[in-house]
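Its first residue numbered 17, the sequence shown is counted upward by one per residue in the numbering used here.
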Amino acid sequence: MSLRTTSIYLALLLLAPTTAVRAGSSEDAAARPDFVRDVMPVLVKSGCNGGKCHGSFQGRGGFQLSLFGLDAEFDYSALVRESRQRRVSPAAPDRSLILRKPLAEVPHGGGQRFQPGSESYRILRSWIANGAPAAADFELHVADIEVSPRDVTLNPDEHVALQIHARWSDGVQRDVTRWALYEARDEQCAAVTDAGQIEARSPGRTTVTVSFLGQVRAVNVTVPYARPADPLVFEPYNYIDEHVAAEWEKVGLRPVESAGDEEFVRRAYLDVIGTLPTPEEIRSFVADPATDKRAQLIDTLLKRPEYVDYWSYRWADLLRVHRRYVGDKGMWSFWNWVRRAVRENWPVDRITRELIVSKGSLFSNGATAYYFVDEDPAQLGETTAQLFLGIRMQCAECHHHPYETWSQADYYGLANFFTRIEIKDNGDGARYGGTKLLRPVTTPNRERRVSMNMEPMLFGQVVDPTEAGDVRTVLADRITDPENPWFARNFVNRFWSYLMGRGLVEPVDDLRATNPPTHPELMDALAADFIDSGCDVKQLIRTICTSHVYQLASRVEADVDRDGVFYTHRRYHRLPAPVLLDAVNFAVGATEEFNGLPRGTRAIALPDPGIQSYFLEAFGRSPRSSPCECATTSKPDLIQALHLMNSEAIQKKLAAPGGRIQTLLKQETPDAEAIEQLFLVTWSRPSTEEEQQAALTFVTQADTRQEGYEDLLWALLNSTSFAFAH
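This is the structure:
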């Protein structure tokens, strides 16, 4: 071959991808695959664009593709134009690394991804053999996918095949079942094959996630229990019960009996005011003959001063009230603002609005602390989405959210609502320790720039700052709009989890299409009721606590619904750290001494975690470092068990001169009466006859009555009946 001929051949080879795009073709699409419509699905299905493979932010083996295959033009360039065309060789298709590596003909860290002659192989080879043409339109994208069926009920060992159809932005529709990605959330309940076939395994409820080139959907899968022979006997008290009972019928479950009065009164006190009932309150409630006494108790608790302490602590965890962000004086200003909002029962939409549009001095308006906890606009956007909408947008900072429709534009559109503010000294900085003044401005603050400068945008709706004035008012309007599907659902799910031990959606601050509620109709009903009430938190608490479902016993039936997903029983969960510390102090008759606060200040009334307490740290109080509910730890561990068993601090409280044990001894309380009181202040019920006899034997065999009482009380404190809500 002459030198000139060789040069021409090389030139044609290098230009092949470009000239192929210009030429076009009338051949069948199967014979001439389109890069976007045909090749990209193969790459994504084979795992090439995954986060653990070439979709990683740094690629793998010097080869990087777009994460999840959402940038076809980038991927085309990486395949065709990089690595001296070794990845794609139109002149010798079978030598292309994009074929040889997935076939494992040469070493490949990802192993073999498809077989010779498979459909994936044929599409890639055909595309290469046709000159590896660029896409006819790199802007082409999947506009929507239709998944059928979306709600599946299967008995164990039954199967169903999913069908996935994609609608492209040019209107073309295709069956993409073969190319979609599938993932089962709980494979013990149901599994899914690579081809989209769901197999039921064991009773329960789960979801299967279906994704295809940026579009994601969830399939609800229910595997019923064996149909019970007895009919459902259950009296609904409100609409909550009707929705939950309908699910019991669907899955073949029956609830346990209602909780007794002692169990209910303990539960209500702890859930509504974070406080154990006194023996006198327990006896009074049990003796009350009124048929509506449980509803009356909830109404009474909602008016107690402890309600303000307990729910202020809950809100302070969410809003991250902490002196590390705003100093001591700023922390107290923020804390007092939170307490006022709870004390006056501000609607949640008002709380949300006052935080988002806050301005002025931190000392005169504690709500402005919201802008000091997260000063970075992007972080403010993340916090705002997670706190008020239950949406985790962190992933979208770098790439399209893998399990939702949120994009980088959504992420930075929200962040840009917070670039138009400035924080300056208010003139009192020296006197008050550096207080700042927060005020809105009409143009982006150069000191608050984000990586993607754009007009503010939420839910795809752009805001014109020149018309909006303070764009944060538009943001507050859109977030609290009754038509916003996220706001009300977010808060009813949070409060449901506080009162029921688990959310309708878990994690509670991760609402998305691919993480649907266990009871979607109930979630909708609660959200609608919450909006109709004017976003009244007390009304929401009352509705939940007066339902029959809330009042069920905590007894678990064998292995049926052990996680409480279907609410057939009250779910056990450990008391929050501040509530548990207060309960210990109440039981032993002691008061706590926190540095810088009056003696007797309760743990639920502490303004921030800057106040030291080994007990609270050991039992997982929130460090208030993140808006995530996961910051609070409620799982028991070895450190907690050892602390309750061996703590010198608890031993000192047990033996304290003014404590419960010393008072019983000083008053010469009979053993039987003293034992009953110890049960009432810990387990909120009298001892059974068997427990009473065992305790009497234990106390009388001790070296001294004091030692016997102390050991008995310590044993009661170390039980799950004390440390857990039930």
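Using N, Cα and C, we set each Cβ at its ideal position, and we do this for glycine too.
None of these values were measured; they are calculated from a predicted model.
{"Query": "Inter-stretch contact (C-beta, 8 Å, three-pair minimum) for the region 378-385 and the region 333-347", "Result": "yes"}
{"Query": "Sheet register partners of His589 (DSSP bridge)", "Result": "Ala741"}
{"Query": "Beta-carbon proximity of Thr222 to Ala206, cut-off 7 Å", "Result": "yes"}
{"Query": "Distance, Asp277 Cα to Leu520 Cα", "Result": "26 Å"}
{"Query": "Val272 - containing alpha helix (DSSP H), residue span", "Result": "No alpha helix (DSSP H) holds Val272; DSSP gives it neither H nor E."}
{"Query": "Cβ neighbour criterion (16 or more within 10 Å) applied to Tyr357", "Result": "According to the sequence as given, residue 357 is Ala; it is not Tyr. So Ala357 ends up on the buried side."}
{"Query": "Test item: CB-CB of Ala569 and Val272 under 7 Å", "Result": "yes"}
{"Query": "Any C-beta of chain B under 7 Å from that of Trp264", "Result": "Included in the structure is just one protein chain, with no chain B present."}
{"Query": "Own chain residues within Cβ distance below 8 Å of Arg494, not counting five before or after", "Result": "Leu474, Phe475, Gln477 and Asn500"}
{"Query": "Cutoff 8 Å; reference Cys714; Cβ partners in own chain excluding five residues on either side", "Result": "As written in the sequence, residue 714 is Phe, which differs from the Cys given in the question. Within the same chain, Phe714 has close Cβ partners Gly724, Asp727 and Leu728."}
{"Query": "Own chain residues within Cβ distance below 6 Å of Phe511, not counting five before or after", "Result": "Leu556"}
{"Query": "Rounded distance between the beta-carbons of Val60 and Ile139, thought under 8 Å", "Result": "So it is not a contact: roughly 12 Å between Cβ atoms."}
{"Query": "Bridge partner(s) assigned by DSSP for Tyr198", "Result": "Val226"}
{"Query": "Length-filtered (3 minimum) beta strand (DSSP E) runs lying within the region 495-549", "Result": "none"}
{"Query": "Assigned secondary structure, Pro752 (DSSP; H/G/I helix, E/B strand, else coil)", "Result": "Nothing can be reported for residue 752: it is not among the residues displayed for the chain, which extend from 17 to 742."}
{"Query": "Whole-angstrom C-beta distance between Cys551 and Asp365, which should lie under 8 Å", "Result": "5 Å"}
{"Query": "Counterpart residues of His175 in DSSP-defined beta bridges", "Result": "Glu215"}
{"Query": "Proximal residues to Arg359 (C-beta, below 7 Å), its chain only, five neighbours per side dropped", "Result": "Val324"}
{"Query": "Cα-Cα separation, Leu269 to Pro244", "Result": "7 Å"}
{"Query": "Separation of Trp143 from Ala107, as counted between CA atoms", "Result": "12 Å"}
{"Query": "Nearest-angstrom Cα separation, counted from Tyr428 out to Arg408", "Result": "14 Å"}
{"Query": "Cβ neighbour criterion (16 or more within 10 Å) applied to Ala504", "Result": "buried"}
{"Query": "Residue span of the beta strand (DSSP E) that contains Asn236, given as start and end", "Result": "Gln231 to Val239"}
{"Query": "Cβ contact (3+ pairs, closer than 8 Å) linking the region 108-120 and the region 167-177", "Result": "no"}
{"Query": "Residues sharing a beta bridge with Pro456, DSSP", "Result": "Ile437"}
{"Query": "Residues that DSSP places opposite Asp167 in a beta bridge", "Result": "Asn236"}
{"Query": "Residue burial classification, Lys319 (beta-carbon count within 10 angstroms, cutoff 16)", "Result": "exposed"}
{"Query": "Burial state of Leu654, where buried means 16 or more other Cβ atoms lie within 10 Å", "Result": "exposed"}
{"Query": "Buried or exposed (CB count within 10 angstroms, at least 16 for buried), Pro57", "Result": "buried"}
{"Query": "Helix, strand or coil at Val466 [DSSP, three-state]", "Result": "coil"}
{"Query": "Backbone CA spacing between Lys554 and Trp327 [nearest angstrom]", "Result": "10 Å"}
{"Query": "Extent of the continuous alpha helix (DSSP H) run through Gln708", "Result": "Glu705 to Gln717"}
{"Query": "Residue span of the alpha helix (DSSP H) that contains Arg76, given as start and end", "Result": "Counting along the chain, Arg76 falls outside any alpha helix (DSSP H), and DSSP gives it neither H nor E."}
{"Query": "Pairwise C-alpha distance: Phe73 and Ala94", "Result": "14 Å"}
{"Query": "DSSP bridge partner residues for Gln189 (one or two, in chain order)", "Result": "Arg183"}
{"Query": "Proximity of Leu396 and Ala741 at Cβ, strictly below 7 Å", "Result": "no"}
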